[in-house]
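A quick write-up on the structure given underneath.
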Amino acid sequence: MGKKPVRTVELQCPCCQASLTIDPELGIVLSHTAAKRVPEVNLDDAARLLREEAERREEKFRKSIEAEKRKEEIFDRLFEEGLKKAKEAPAEKPIRDLDLD
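Residues in the sequence shown are numbered from 12 upward in steps of one, following our numbering.
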């Protein structure tokens, strides 16, 4: 008589997520493939990164506030310059549609 084909069961370990191939007749593990390890996170590094990110956000916020303050000054200067030009330039009659014919 010939050998019976070996029936195996493949499953994943619920604890470590490793792949296991098991022979149910013998009750043994035929092969084991370890799960990919997730890089460990150092909490000190994570805290440092969060602080640095908060500092960058705060700096960007300060710069945007400063830009908004300067924007008002720039618009005021542009308005004054435009008003000055409008006072200096002579008032011209607007062109009517009938004048174009």
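Just so it is clear, CB atoms sit at the ideal spot from N, CA and C, and this is done for glycine as well.
Among the options, the one whose alpha carbon lies nearest that of residue i
i   : options        : result
C24 : R18, E103, T32 : T32
Test item: CB-CB of residue i and residue j under 7 Å
i   : j   : result
V49 : P35 : no
Run of the beta strand (DSSP E) containing residue i, from where it starts to where it stops
i    : result
L89  : Per DSSP, L89 belongs to no beta strand (DSSP E); it is in the alpha helix (DSSP H), 54–99.
C31  : In the sequence under discussion, the amino acid at residue 31 is Leu, which differs from the Cys named in the question. Segment 30–34, the beta strand (DSSP E) holding L31.
L111 : Run containing L111: none in the beta strand (DSSP E); it sits in the alpha helix (DSSP H), 108–111.
Beta-carbon proximity list for residue i, same chain, < 6 Å, skipping 5 on both sides
i   : result
E22 : The question names Glu, but residue 22 in the sequence shown is Leu. Counting only Cβ-Cβ distances below 6 Å, and skipping sequence neighbours, we find L31.
R59 : none
*Stretch-stretch touch, CB-based, cutoff 8 Å, three pairs: the stretch 60–69 with the stretch 33–46*: At 8 Å Cβ cutoff, the stretches do not touch.
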